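J.: What follows is a single structure, and I will ask about it in a moment.
There are 2 protein chains.
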Amino acid sequence: MATTTAAQRRARAKTEYDAFFAACPSRELLNRISGKWVALVLAALGGDGPQRSGGGCTGEPRPMRYSELSRALAGVSQKMLTQTLRSLERDGLVSRTVVATVPVTVTYELTGLGVSLHHMVRGLKTWAETHMDDVIAHRASYDSEPAG
Amino acid sequence: MATTTAAQRRARAKTEYDAFFAACPSRELLNRISGKWVALVLAALGGDGPQRSGGGCTGEPRPMRYSELSRALAGVSQKMLTQTLRSLERDGLVSRTVVATVPVTVTYELTGLGVSLHHMVRGLKTWAETHMDDVIAHRASYDSEPAG
DNA sequence: TGCTCTACGCACTTTCAGGTGCCTACTTCC
DNA sequence: GGAAGTAGGCACCTGAAAGTGCGTAGAGCA
Chain F
0 MATTTAAQRR
10 ARAKTEYDAF
20 FAACPSRELL
30 NRISGKWVAL
40 VLAALGGDGP
50 QRSGGGCTGE
60 PRPMRYSELS
70 RALAGVSQKM
80 LTQTLRSLER
90 DGLVSRTVVA
100 TVPVTVTYEL
110 TGLGVSLHHM
120 VRGLKTWAET
130 HMDDVIAHRA
140 SYDSEPAG
Chain G
0 MATTTAAQRR
10 ARAKTEYDAF
20 FAACPSRELL
30 NRISGKWVAL
40 VLAALGGDGP
50 QRSGGGCTGE
60 PRPMRYSELS
70 RALAGVSQKM
80 LTQTLRSLER
90 DGLVSRTVVA
100 TVPVTVTYEL
110 TGLGVSLHHM
120 VRGLKTWAET
130 HMDDVIAHRA
140 SYDSEPAG
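The listed protein sequences derive, respectively, from chains F and G. Taking numbering that gives the first Met the number 0 as reference, the numbering of the first sequence is continuous, increasing by one, and the terminal residue is 147. Taking numbering that gives the first Met the number 0 as reference, the numbering of the second sequence is continuous, increasing by one, and the terminal residue is 147.
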């Protein structure tokens with residue numbers, strides 16, 4: 000029977016779509032940067048963190064130690080920091096360097112690719128700071144409207 | 000006792016951080032666009048969808064009906080489409096227009112703010128298409144390395 | 001007159017990112 | 001010599017997002 004009109008057509012479309020969906024580079028990018036700590040790590044390694052010394056707040060990429068990151072991203076657990084750094088390293092966005100000092104120290108640094116991504120995330124941040132006020136305003140007026 | 004050095008310091012920092020974190024505009028933006036269907040809806044309304052007619056694939060923003068969106072984003076459930084559209088409408092990114100035709104039809108359209116956001120998402124897409132190959136390559140080589 | 005379409009609403013369930021807690025092996029400080 | 005720091009690993013838990021399924025109210029269609 001060819002009565003499979005609306006629901007089944009959609010189910011079929013969904014199946015086809017999912018394969019494409021999983022491989023979509025934009026989706027992968029969104030999944031990567033929407034991680035709770037990814038953008039923070041990028042910002043910290045990119046020099047956007049809270050600068051306690053120096054003048055401007057532009058900041059330049061610089062290597063940071065694990066414990067330094069842990070302090071800069073106050074609130075992150077060791078597990079999540081490790082996990083985030085590992086996934087970023089896996090994707091070639093940061094490089095991990097082990098230094099055999101007194102207690103073994105590890106430094107993380109943005110790669111070229113990571114710097115590129117960081118620039119884009121900074122663009123996101125700029126957009127957010129420019130337009131999110133409008134969004135919040137809309138949200139407030141929408142919520143205050145009588146539901147109808 | 001003032002022995003609360005490492006763990007408790009971190010717990011305290013986390014508490015302070017969370018308040019800032021929740022209000023961070025960049026975080027809000029990421030939360031918004033990282034929704035599974037948000038970027039797709041933006042792309043569809045912005046004209047980036049699969050163009051079955053016409054020449055270039057640049058596309059211009061145009062209003063679309065609910066069912067039209069449902070077909071364009073093959074695989075989305077009605078619930079998620081509605082939910083996504085509502086949240087976008089709430090944030091002033093799309094406008095919803097009810098037309099009292101034979102069966103009541105609803106059209107959705109990007110607002111100015113929505114178009115602005117769509118441009119940025121398009122930037123993300125461009126970055127993804129340019130650099131994600133590198134990322135995938137890194138990922139593959141990382142995975143193939145002997146774990147050590 | 002039973003089926004489908006439109007544009008949803010509601011309730012339940014699944015899934016997984018993120019969080020918590022406890023462990024390590026080595027070293028330095030007091 | 002016990003506490004804390006360094007750089008994590010492992011196992012379990014939770015909460016929110018996403019998915020599934022069913023209902024609806026009016027209308028067209030064979």
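No residue lacks a Cβ here, since even glycine has one placed at the ideal position from N, Cα and C. Remember, it's a predicted structure, so these values are computed and weren't measured experimentally.
With 16 as the cutoff for other CB atoms within 10 Å, does K35 of chain G come out buried or exposed?
T.: Label assigned to K35 of chain G: exposed.
J.: Quick one: give me the first and last residue of the beta strand (DSSP E) that T106 of chain G is part of.
T.: Counting along the chain, the beta strand (DSSP E) containing T106 of chain G begins and ends at T104 to L109.
J.: By DSSP, does T96 of chain G sit in helix, in strand, or in coil?
T.: Correct three-state label for T96 of chain G: strand.
J.: Please tell me whether S143 of chain G has its Cβ less than 8 Å away from any Cβ of chain F.
T.: Closer than 8 Å: no.
J.: How is R61 of chain F classed by DSSP in three states: helix, strand or coil?
T.: It is coil, neither helix nor strand.
J.: Is it the case that the stretch 123-130 of chain G contacts the stretch 75-84 of chain G, given that we only count it when at least three CB pairs across the two stretches are under 8 Å?
T.: Output reads no: the stretch 123-130 of chain G does not touch the stretch 75-84 of chain G.
J.: Using a Cβ-Cβ cut-off of 8 Å, state whether W126 of chain G counts as contacting chain F.
T.: For W126 of chain G, the answer is yes, since a Cβ of chain F falls inside 8 Å of its Cβ.
J.: Do L109 of chain G and L44 of chain G count as a contact pair if the criterion is CB distance below 8 Å?
T.: A contact, by the Cβ cut-off of 8 Å.
J.: State yes or no: is the C-beta of R159 of chain G within less than 8 Å of the C-beta of V103 of chain G?
T.: Look at the range of chain G in this structure, 0 to 147, and you will see that residue 159 of chain G is not part of it.
J.: Are the stretch 66-77 of chain G and the stretch 56-76 of chain F in contact at 8 Å, needing three or more beta carbon pairs?
T.: No, they do not touch.
J.: So, does the CB of Y16 of chain F fall closer than 8 Å to a CB anywhere in chain G?
T.: So, interface residue.
J.: For L60 of chain G and F19 of chain G, what's the separation of their Cα atoms in angstroms?
T.: One detail in the question is off: residue 60 of chain G reads as Pro in this sequence, not Leu. Looking at the two C-alpha atoms, the distance is approximately 35 Å.
J.: For S115 of chain G, which residues in chain F fall below 7 Å Cβ to Cβ?
T.: In chain order: H130.
J.: Looking at G58 of chain G and V134 of chain F, is the spacing between their C-beta atoms short of 8 Å?
T.: No, these two residues do not count as a Cβ contact at 8 Å.
J.: Would you mind sorting R85 of chain F into buried or exposed? The rule is 16 or more other CB atoms within 10 Å of its CB.
T.: Exposed, since its Cβ has fewer than 16 Cβ neighbours within 10 Å.
J.: In chain F, which residues lie with their C-beta within 8 Å of the C-beta of A21 of chain G?
T.: Per Cβ cutoff of 8 Å: no residues; A21 of chain G is ~11 Å from chain F at best.
J.: Once the 5 residues before and after V97 of chain F are set aside, which same chain residues still bring their CB inside 7 Å of it?
T.: Correct list, in chain order: V103 and V105.
J.: Would you check if the distance between the CB atom of S25 of chain G and the CB atom of H130 of chain F is smaller than 8 Å?
T.: Going by C-beta atoms, S25 of chain G is not nearer than 8 Å to H130 of chain F.
J.: Which residues in the same chain have their Cβ closer than 7 Å to the Cβ of I32 of chain F, if we skip the five residues on either side of it in sequence?
T.: The residues are A38 and V120.
J.: For chain F, find out if any of its Cβ atoms is closer than 8 Å to the Cβ of R64 of chain G; answer yes or no.
T.: False, the Cβ-Cβ gap to chain F never drops below 8 Å.
J.: Rounded to whole angstroms, what's the CA-CA distance from R138 of chain F to R89 of chain G? Just pull it up for me.
T.: Cα-Cα distance, rounded: 5 Å.
J.: Should V101 of chain F go down as buried or exposed, given a rule of 16 or more other Cβ atoms within 10 Å for buried?
T.: So V101 of chain F counts as exposed.
J.: Run down chain F in chain order and give the residues with a C-beta less than 7 Å from the C-beta of V105 of chain G.
T.: Chain F residues near V105 of chain G: none, gap ~15 Å exceeds 7 Å.
J.: Between which two residues does the alpha helix (DSSP H) holding E27 of chain F run?
T.: Segment P24 to I32, the alpha helix (DSSP H) holding E27 of chain F.
J.: So for A73 of chain F, helix, strand or coil by DSSP?
T.: In the structure shown, A73 of chain F sits in coil (DSSP, three-state: anything other than H, G, I, E or B).
J.: Which word fits H118 of chain F, buried or exposed, when buried means at least 16 other C-beta atoms lie within 10 angstroms of its C-beta?
T.: Exposed.
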